[in-house]
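K.L.:
Before we start, here is the structure in question, set down as structure tokens.
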């Protein structure tokens, strides 16, 4: 009789697959704060960012910026001021996209160094680390997410896994666990780009404001002969939320490239003027005609009301 797949095996498989695409791996207990037996990467279980890794990455990515300015940028990232998780997350997202501004005075003029935390142009200049069973303590709560993905020491992705063979451990359970983490160790989500939930068969990703219905299967991208990332025969309709609370609706064959264009100010006049924050919704189609029709539907009165309702519902979750 075949033995059922365990949750640990799903976790091991996920770590193996991450290793196949270049992620280094550490077991969480190896990062336990030092108790006088040698140095440790963490000073306490409350420490979320792997600060030394971030500091080294910032120096590597920004070699021409003075060391004291780089350190100020690191401290800004570590010490987010907002007590509200969503506000802190938005602030940190702006650090990632727009860089950390460190002011200084030169010849009587106010200027600023722009310090990058991640090198988006040269991916190999970054450090990718997967850690499982990473213990976090906050407000007397002690939690250990299954896997956390760190980029340059920053915990950008939380992965929660459940065993599909257990009838009580559906993907809903993984989502509920993420919600528990947000309530008990919210500081982790100050830095969160998105979370992944999986039962070993299905996997979905969503942002900190997304309800379960907004967690979506991430499109698997493959390289064509031209080197461009795409998903053959697929077309996407997407909704981008902007800084001022407005949103932009569009359709594309390559959602990754198109979103980056919007963030860089090259996507559309609207997103250039109002600054893209995040993709809050996308849908996948097998023909351009279907995508164009859906884009048109979402831009009509009923479609726009539906989007506003979904945005409001996500913010209240």
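Residue numbers (the working numbering): 13 to 329. Here a beta-carbon is modelled for each residue, glycine too, at the ideal position from N, C-alpha and C.
1. How big is the Cα-Cα spacing for residue 150 and residue 306?
2. Using the DSSP secondary-structure output, state which residues sit across from residue 155 in a beta bridge.
3. Which value, in whole angstroms, describes the spacing of the CA atoms of residue 126 and residue 301?
4. Expressed to the nearest angstrom, what Euclidean distance is found between the alpha-carbon atoms of residue 289 and residue 278?
5. Rounded to a whole number of angstroms, what is the C-alpha to C-alpha distance between residue 159 and residue 172?
6. Does residue 319 come out as helix, strand or coil in the three-state DSSP assignment?
7. Measuring only the C-alpha atoms, how far is residue 320 from residue 251?
8. Tell me the rounded alpha-carbon separation between residue 154 and residue 148.
9. Is DSSP giving residue 123 helix, strand or coil here?
10. Can you tell me where the alpha helix (DSSP H) holding residue 193 begins and where it ends?
11. On a Cα-Cα basis, can you pick out the residue from 311, 77, 199 that is closest to residue 112?
12. Let me know if residue 100 comes out buried or exposed under the rule of 16 or more other beta-carbons within 10 Å of its beta-carbon.
13. How far does the beta strand (DSSP E) with residue 217 in it reach, from first residue to last?
14. What are the boundary residues of the beta strand (DSSP E) that includes residue 263?
15. Is the separation between the beta-carbon of residue 223 and that of residue 69 shorter than 9 Å?
16. What did DSSP end up calling residue 229 once you bin it into helix, strand or coil?
17. Among 259, 286, 274, 287, which one has its Cα closest to the Cα of residue 293?
18. For the beta strand (DSSP E) that residue 93 lies in, which residues bound it at each end?
19. Comparing alpha-carbon positions, which option in 37, 285, 310, 202 lies nearest residue 59?
20. What are the boundary residues of the beta strand (DSSP E) that includes residue 173?
21. In terms of alpha-carbon separation, which member of 274, 264, 269, 31 lies closest to residue 253?
22. Say whether the segment 103-121 touches the segment 133-141, bearing in mind that this needs 3 or more beta-carbon pairs closer than 8 Å, one atom from each stretch.
23. Do you know offhand how far residue 247's Cα is from residue 267's?
24. Check whether the segment 208-219 and the segment 182-190 are in contact - that is, three or more C-beta pairs closer than 8 Å.
25. Residue 41 by DSSP, collapsed to three states: which one?
26. Can you tell me whether residue 56 is helix, strand or coil according to DSSP?
P.N.:
In short:
1. 44 Å
2. 148
3. 43 Å
4. 14 Å
5. 7 Å
6. helix
7. 11 Å
8. 6 Å
9. strand
10. 183-196
11. 77
12. buried
13. 215-218
14. 259-264
15. no
16. coil
17. 259
18. Counting along the chain, residue 93 falls outside any beta strand (DSSP E), and DSSP gives it neither H nor E.
19. 202
20. 166-173
21. 274
22. no
23. 9 Å
24. yes
25. helix
26. coil
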